[in-house]
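J.: In order, the protein sequence lines correspond to chains A and B.
With my numbering applied, the first sequence covers 17 to 242.
With my numbering applied, the second sequence covers 1146 to 1562.
Glycine included, C-beta positions come from ideal geometry on N, C-alpha and C.
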Amino acid sequence: MILEMHDICKDYTMGGSIVHILKNIDLTVDENEYLAIMGPSGSGKTTLMNLIGCLDVPTSGSYVFNGHDIPSCSPNELADIRNKDLGFVFQTFHLLPKLSALENAALPLLYGGVRKAERLEMAFEALKTVGLEDRVDFRPDQLSGGQCQRVAIARAIVGKPKLLLADEPTGALDSASGKQVMELFAQLHEAGSTIIMITHDQKIADHAENVKYIYDGVLTGGALYE
Amino acid sequence: MAENISLAFQGIWGHKLRSFLTMLGIIIGIASLITIVATINGTNQQIKENLIGSGTNVINVNLTQNGYVYDFSYSSIPDGVHAITEEDRVYMETLKGVDSVSLFRKRQWVDGVYYKDTSFNGNIYGTDAHFMQVNSMHITDGRGFAEEDLYEHHKIAIVDAKAASSLFAGNSAVGSIIEIKGEPFVVVGICAPDTTSEPVINNLQDYYMYMDTSSGTIYIPISCWDIVYKYDEPQSVAIKAVNTDSMATAGDSVSNYLNERVIENSESPYQYKAENLLEQAAALQELSNATNSQLIWIALISLLVGGIGVMNIMLVSVTERTKEIGLKIAIGAKQRRIRIQFLTEAAALTSIGGVLGVIFGIGLSLLLSSVMGTPVSISVPACIVAVVFSMVIGIVFGLVPAIKASKLNPIDALRYE
Ligand SMILES: Nc1ncnc2c1ncn2[C@@H]1O[C@H](COP(=O)(O)OP(=O)(O)OP(=O)(O)O)[C@@H](O)[C@H]1O
Ligand SMILES: [Mg+2]
């Protein structure tokens, strides 16, 4: 088991009143699982993803990730966990525009304290995995959207994280490159990665071996969504 | 760290114009600081060189009363001070650090000196035959004093260029007859310092004299002093030291010798004392520093303004790069790391500003010295301090933006458009 969430709630205060965004979420994810989370816009998918990704802390509930009790971790410990055990893929890539594909992919290793030569070698390997070994010196503005997302995936997997988180990774892509990206995730899963993916698209969710739905902050296992 | 620094420089280079404008306050502040310091240094050095006599290594030993130079122009002759003899003079030349010695008497702002209707109110020196050599002067026209001029009490005079021009106004000086206290003296020569660059200034009075309107100096044989002034006035001693470093030693050994030989009572308020030229230089330097140091405050204020400008731009830069910072935090950069990144950038920015400021400052100083003739001396330590100081400004004023960046919430930052 890689992560275990129990009774997780997340509230926001909006103009004096408390809004419950996530309600009593229970979630466990096993090693090498490929989980898709679906739900309508505003249902709390990204909020949940931020909690799983240790970018945010829950209002209440317990969350153990990779043996760490997340609510009791210090900001520096959380930074280390994000750096070493988690890989993020965002809808809008979030590549640094002035860095080359290679440098972008190597960025997490910089914060992990890996030496430069080793960093670039590992980043090159990651770019090879996503099929961009011939684009290492290209900057994001010289790459297509699909290629950018593959660089972002390379960045997410470069440190061999325990868990890969993807929030609508195909949301900004045309169907052809979206398909390529999904194939890449399937490939990574095949090779042993654990993946949680958020998506709107049932066809994309079909790639996953397990699908959960979230409505209005409530997570359910059943296929209630149509 | 090296990585951080190179990234910081890339960032600065990526926004050339903006970076330059941001640095401008620092550049101007540092440039004016360097210029002011160069001017202060130059003035100080000039004062020191003037006082030390530009390598003439001359030091005067004067009679003092309670530590102050005794001026015979206004005071009566002190008791218990004997005359310094030729034997003493010869003996003093053998003392440690001493090259040669000359005896003289001196009056300043004299009256009763005329050439025809023109009066003279500069200095009169009664000197022996060694005075010119000791003071590194030479005769440019006519002749100097010979030993027999002194023995035979020849009423002759040597004038310097200033006295010649103020008295004779272009007419030939040599051969003219001037009147000193009613006595006629024949001008036999014109003298000038060996080093033509600066006037020889041996003490504070001379310096003020030079700064005012000195009308020059007339030299007469010391043996004729009693013809115009009083015979038993104590003498002063001019020493040429063997080199600049032994000036203090020479001055001390001569004054100690004189105090033993010619002062009757060792408790006497009258003592021979060597001029401490460095002390006098320091006093003069303080005078000129006082005016210049106010300028330093103005320069510091402009640095402060420059620092605030840097802070402003860094804050803008943090806002602009919210997404970048959010991403970095999301993938595991710690707060400290983000802070260091922005501090490095601010410090790099102001350091470059500092270096440019030093370059501009040096240029400005050289320009000032060539256009206005102000003495300047670029100080290397000041340049180093200036660059380090501007770096510190960057760190101080970069602190607020850096902390702001490191405290960003990655969730909000990633969503920021
Ligand atoms: N910082 C916040 N303060 C207040 N409310 C917030 C905040 N962040 C998110 N919300 C609210 O939480 C709810 C869930 O947002 P979330 O981003 O998780 O939705 P989502 O399921 O990812 O939607 P989408 O599919 O459009 O990305 C929304 O109603 C949103 O307005
Ligand atoms: Mg979302």
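At a threshold of 7 Å, does Asp-183/A count as lining ligand 2 (C-beta to nearest heavy atom)?
T.: Asp-183/A Cβ: within cutoff of ligand 2.
J.: How many whole angstroms separate the CB atoms of Asp-101/A and Leu-179/A, which I take to be in contact at a CB cut-off of 8 Å?
T.: Contact flag correct, Cβ pair sits at about 7 Å.
J.: Flag this pair as touching only if the segment 1466–1473 of chain B and the segment 1526–1539 of chain B have three or more C-beta atom pairs under 8 Å; answer yes or no.
T.: Not touching, per the Cβ criterion.
J.: What are the boundary residues of the beta strand (DSSP E) that Ile-37/A is part of?
T.: Run containing Ile-37/A: 33–45, per the beta strand (DSSP E) assignment.
J.: If you pair each beta-carbon of the segment 102–110 of chain A with each one of the segment 165–176 of chain A, do three or more pairs fall below 8 Å?
T.: With the cut-off at 8 Å, the segment 102–110 of chain A and the segment 165–176 of chain A touch.
J.: With DSSP as the reference, identify every bridge partner of Asp-96/A, one or two as the case may be.
T.: The partner list for Asp-96/A (beta bridge, DSSP) is empty, contrary to what the question assumes.
J.: Is Met-213/A near ligand 1, with its Cβ less than 7 Å from a heavy atom?
T.: Met-213/A: no, Cβ never under 7 Å from ligand 1.
J.: Which class does Tyr-229/A belong to by DSSP, given the choice of helix, strand or coil?
T.: If DSSP states are grouped into helix, strand and coil, Tyr-229/A belongs with the strands.
J.: So, does the CB of Glu-242/A fall closer than 8 Å to a CB anywhere in chain B?
T.: Low confidence applies here, because Glu-242/A scores a pLDDT of 42, under 50, leaving its location unreliable and the question unanswered by this model.
J.: Between Thr-62/A and ligand 4, is there a pair consisting of the residue's CB and a ligand heavy atom that are separated by less than 7 Å?
T.: This structure does not include ligand 4; its bound ligands are ligand 1 and ligand 2.
J.: Going by beta-carbon coordinates alone, are Leu-38/A and Gly-60/A separated by less than 8 Å?
T.: Result yes, Cβ atoms of Leu-38/A and Gly-60/A sit closer than 8 Å.
J.: In this structure, how does DSSP classify Gly-194/A when only helix, strand and coil are distinguished?
T.: Here Gly-194/A sits in helix by DSSP.
J.: So does Val-73/A have its beta carbon nearer than 7 Å to some heavy atom of ligand 1?
T.: Incorrect: Val-73/A has no Cβ contact closer than 7 Å to ligand 1.
J.: Residues of chain B with a CB under 9 Å from the CB of Tyr-127/A: which are they?
T.: Residues of chain B passing the Cβ test: Lys-1473, Ile-1476, Gly-1477, Ala-1478, Lys-1479, Arg-1482.
J.: Looking at chain B, is there any beta carbon in it that lies within less than 8 Å of the beta carbon of His-110/A?
T.: Yes, His-110/A lies at the interface with chain B (some Cβ there is under 8 Å from its Cβ).
J.: Straight-line CA distance for Leu-19/A to Leu-1448/B?
T.: Whole-angstrom Cα-Cα distance: 54 Å.
J.: For the 8 Å Cβ check, are there 3 or more pairs between the segment 226–235 of chain A and the segment 1469–1481 of chain B?
T.: The answer is no - the segment 1469–1481 of chain B does not touch the segment 226–235 of chain A, with fewer than three Cβ pairs under 8 Å.
J.: Express the C-alpha separation of Val-1463/B and Ile-1172/B in angstroms, rounding to a whole number.
T.: So the alpha carbons of these two residues sit roughly 23 Å apart.
J.: Which bits of chain B does Lys-26/A rub up against, with CB to CB less than 8 Å?
T.: Going along chain B, no residue has its Cβ under 8 Å from Lys-26/A, so there is no contact; the nearest lies around 11 Å.
J.: DSSP on Gln-1380/B, reduced to helix/strand/coil?
T.: Three-state result, Gln-1380/B: coil.
J.: Less than 8 Å between the C-beta atoms of His-1283/B and Ala-1337/B, yes or no?
T.: In this structure, Ala-1337/B lies closer than 8 Å to His-1283/B by Cβ.
J.: Excluding sequence positions up to five away, which residues of its chain have a Cβ less than 7 Å from the Cβ of Gly-1334/B?
T.: Answer for Gly-1334/B: Ile-1284, Asp-1286, Gly-1287, Arg-1288, Gly-1289, Ile-1303, Val-1319, listed in chain order.
J.: Given a threshold of 16 other Cβ atoms within 10 Å of its Cβ, counted over all protein chains shown, does Val-1243/B qualify as buried or as exposed?
T.: Burial call: buried.
J.: Are the CB atoms of Arg-1250/B and Glu-1420/B within a distance shorter than 8 Å?
T.: Cβ atoms of Glu-1420/B and Arg-1250/B: not closer than 8 Å.
J.: Kindly say whether Glu-1490/B, judged by its beta-carbon, lies nearer than 8 Å to any beta-carbon of chain A.
T.: No, Glu-1490/B lies away from the interface with chain A (no Cβ there is under 8 Å from its Cβ).
J.: Return the CA-CA distance between Asn-1280/B and Ser-1245/B, expressed in angstroms with no decimal places.
T.: Rounded to whole angstroms, Asn-1280/B to Ser-1245/B spans 10 Å at the Cα level.
J.: The beta strand (DSSP E) spanning Pro-1329/B covers which residue range?
T.: Counting along the chain, the beta strand (DSSP E) containing Pro-1329/B begins and ends at 1328–1338.
J.: Is any non-hydrogen atom of ligand 1 found closer than 7 Å to the C-beta of Tyr-28/A, if you look at the structure I gave you?
T.: Yes; taking the cut-off as 7 Å, the Cβ of Tyr-28/A has a heavy atom of ligand 1 nearer than that.
J.: Can you tell me the Cβ-Cβ gap for Leu-143/A and Ala-121/A, rounded? I've got them flagged as a contact below 8 Å.
T.: With 8 Å as the limit, Leu-143/A and Ala-121/A qualify as a contact, their Cβ atoms being about 6 Å apart.
J.: Under 8 Å between beta-carbons, which chain B residues line up against Leu-123/A? List them in chain order, please.
T.: By Cβ distance, chain B contributes Lys-1473, Ile-1476.
J.: Leaving out five residues before and five after Asn-1202/B in sequence, what residues of the same chain have Cβ atoms less than 7 Å from its Cβ?
T.: Excluding residues within five positions, the ones whose Cβ falls inside 7 Å are Lys-1385, Ala-1386, Asn-1388, Thr-1389, Met-1392.
J.: Spell out whether any CB of chain A is found under 8 Å from the CB atom of Lys-1468/B.
T.: Closer than 8 Å to some Cβ of chain A, the Cβ of Lys-1468/B qualifies, so yes.
J.: Please classify Leu-1512/B as buried or exposed, where buried requires at least 16 neighbouring CB atoms within 10 angstroms.
T.: Looking at its Cβ environment, which holds fewer than 16 other Cβ atoms inside 10 Å, Leu-1512/B is exposed.
J.: Got a sec: is the Cβ-Cβ distance from Asn-82/A to anything in chain B below 8 Å?
T.: Not one chain B Cβ lies under 8 Å of Asn-82/A.
J.: Can you tell me which of the three DSSP states Glu-49/A falls into?
T.: Glu-49/A falls in the coil class under three-state DSSP.
J.: Mark Asp-1262/B as exposed unless 16 or more other C-beta atoms lie within 10 angstroms of its C-beta, in which case mark it buried.
T.: With fewer than 16 Cβ atoms within 10 Å of its Cβ, Asp-1262/B is classed as exposed.
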